[in-house]
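Residue numbers (the working numbering): 6 to 364.
C-beta: ideal position from N, C-alpha, C; glycine also.
Note that the coordinates shown come from a computational prediction; the quantities given were computed from them, not determined experimentally.
#1: In chain order, what residues of the same chain lie with their CB nearer than 7 Å to the CB of residue 104, ignoring the 5 residues before and after it?
#2: Return the residue from the list 66, 120, 252 and 147 that minimises the CA-CA distance to residue 207.
#3: Helix, strand or coil for residue 249 per DSSP?
#4: So is residue 349 buried or exposed if we call it buried at 16+ other beta carbons inside 10 Å?
#5: Would you call the region 177 to 197 in contact with the region 48 to 56, where contact means no fewer than 3 C-beta pairs closer than 8 Å?
#6: Does the region 82 to 102 come close enough to the region 243 to 260 that 3 or more CB-CB pairs lie under 8 Å?
#7: With DSSP run on the structure shown, which of helix, strand or coil describes residue 355?
#8: Do residue 289 and residue 100 have their C-beta atoms within less than 8 Å of each other?
#9: Name the two residues that bound the continuous alpha helix (DSSP H) containing residue 78.
#10: Under the assumption that residue 125 contacts residue 98 (Cβ atoms under 8 Å), give the Cβ distance between them as a whole number of angstroms.
#11: Please confirm if the region 209 to 221 is in contact with the region 327 to 345, defined as three or more CB-CB distances below 8 Å between the two stretches.
#12: On the criterion of 16 or more Cβ atoms from any shown chain inside 10 Å, does residue 55 qualify as buried, or is it exposed?
#13: Near residue 325, which residues of its chain fall below 8 Å by C-beta distance, leaving aside the five closest residues on each side in sequence?
#14: Please work out which residues of its chain come closer than 8 Å, Cβ to Cβ, to residue 23, disregarding the five sequence neighbours upstream and downstream, and give them in chain order.
#15: Hey, residue 281 and residue 150 are a contact pair by Cβ (cut 8 Å); roughly how many whole angstroms apart?
#16: Which complete alpha helix (DSSP H) runs does the region 258 to 341 hold, if anything under 4 residues is left out?
#17: Thinking C-alpha only, which one of 269, 227, 134 and 232 is nearest residue 176?
#18: Ends of the alpha helix (DSSP H) at residue 202?
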């Protein structure tokens, strides 16, 4: 009786139409995103009052507002704002990619790293650091990570499509094998690195973080992530049909092979762009869609946009906490999301182990 009473609000929410659920869920998550963003802009080694943060933001938008310090303006516009935008973009990419992978595999345990994207990005970045390529120019490291991520994704997909017959089971197994192989290559490079500074840089990148993110990182990652998210939003209906099975999807007019390939490639593109500017940040793509699915249902027309917002809130909030815990130093965001995400996800699995994953 008590359990039924507690679940009644969620059941009522799920009975709403798609537009109503998008409006309610979107308004809630947007409000939360604005709140988390303002807090993140305010806190740090240089504390800036919330009112000054609002004035700086309004001034940047062209409004004539009260005066504020030049130092406060520089800290917000050149240090914290690009970092927050990169964090929100990374969270958005991991959230929508996780929701897409879970839908394609019809498995709430799937995540963006399942097709080797994260491992490929890690290898590309580690090779760039170990060879000194990362020091050639400012964006060499993220570009190397992005190239590695996409190469790994295409390799896994190519293995699954050998012989002209694509298999999701083969894709999953190929992803496991390629992830293990690329991880072994990363470990081998780390073992043979002769320079402790290079080793420290590699380990910092592998832990995932948003420190020193600048407007250049925003320009290289955010457009790709926004475009990928838009494509996945447009294809949400097709993803719903694929979750019913290939035969059912074909009977509804879906070109299964082409649609699945586009969805996988788009999710890989978004994840690759995220890994390129943040390193490996765990559990965002796994926990965020799963938690939102419990609240909002599995309809991808709602789940994908909500996962984008939820992932953005999660990463920005985690980065804010990571900056504050051990000032003036900071914890790597990937470490914090793993510390929080792993036990939370285990508890979620135990609590909802009887839940059926279905439309």
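The short version:
#1: Locating residue 104 in the chain shown gives position 99, counting from the first residue. Same-chain partners within the cutoff: 294, 305, 308, 309 and 312.
#2: Numbered from 1 along the chain shown, position 202 holds the residue referred to as residue 207. Of all alpha-carbon atoms in 66, 120, 252 and 147, the one lying nearest the alpha-carbon of residue 207 is that of 147.
#3: Along the chain shown, one-based indexing puts residue 249 at 244. Residue 249: coil per DSSP, three-state reduction.
#4: Along the chain shown, read from residue 1 onward, the residue named residue 349 stands at position 344. The residue in question, residue 349, is exposed, as its Cβ has fewer than 16 Cβ neighbours within 10 Å.
#5: Here the region 177 to 197 does not lie against the region 48 to 56, with fewer than 3 beta-carbon pairs under 8 Å apart.
#6: By the Cβ test, the region 243 to 260 is not in contact with the region 82 to 102, since fewer than three Cβ pairs between them sit closer than 8 Å.
#7: Residue numbering aside, residue 355 sits at position 350 when the chain shown is read from its first letter. If DSSP states are grouped into helix, strand and coil, residue 355 belongs with the helices.
#8: Along the chain shown, one-based indexing puts residue 289 at 284. Along the chain shown, one-based indexing puts residue 100 at 95. Judged by beta-carbon spacing, residue 100 lies within the 8 Å limit of residue 289, meaning their Cβ atoms are closer than that value.
#9: Along the chain shown, read from residue 1 onward, the residue named residue 78 stands at position 73. Here the alpha helix (DSSP H) through residue 78 covers 75 to 79.
#10: The sequence position of residue 125 within the chain shown is 120, counting from 1. The sequence position of residue 98 within the chain shown is 93, counting from 1. Rounded to the nearest angstrom, the Cβ distance from residue 125 to residue 98 is 15 Å, too far for a contact under 8 Å.
#11: With a cut-off of 8 Å, the region 327 to 345 and the region 209 to 221 count as touching, because enough Cβ pairs lie within range.
#12: To locate residue 55, count along the chain shown from 1; it is residue 50. By the neighbour-count rule (16 or more Cβ atoms within 10 Å), residue 55 is not buried but exposed.
#13: In the chain shown, residue 325 corresponds to position 320, counting from 1. Counting only Cβ-Cβ distances below 8 Å, and skipping sequence neighbours, we find 41, 44, 45 and 48.
#14: Working through the chain shown from its first residue, we reach residue 23 at position 18. Its chain contains 304, 306 and 307 as the residues whose beta carbon lies nearer than 8 Å to that of residue 23, once the 5 sequence neighbours on both sides are disregarded; these appear in chain order.
#15: Looking up residue 281 in the chain shown gives position 276. Looking up residue 150 in the chain shown gives position 145. Indeed they touch by this definition, with Cβ atoms about 4 Å apart.
#16: For the region 258 to 341, whole alpha helix (DSSP H) runs of length 4 or above, ordered along the chain, are 261 to 283, 289 to 301 and 305 to 329.
#17: Position 171 of the chain shown, counted from the first residue, corresponds to residue 176. Nearest option by C-alpha distance: 269.
#18: Start at 1 with the first residue of the chain shown, and residue 202 comes out as number 197. Run containing residue 202: 201 to 212, per the alpha helix (DSSP H) assignment.
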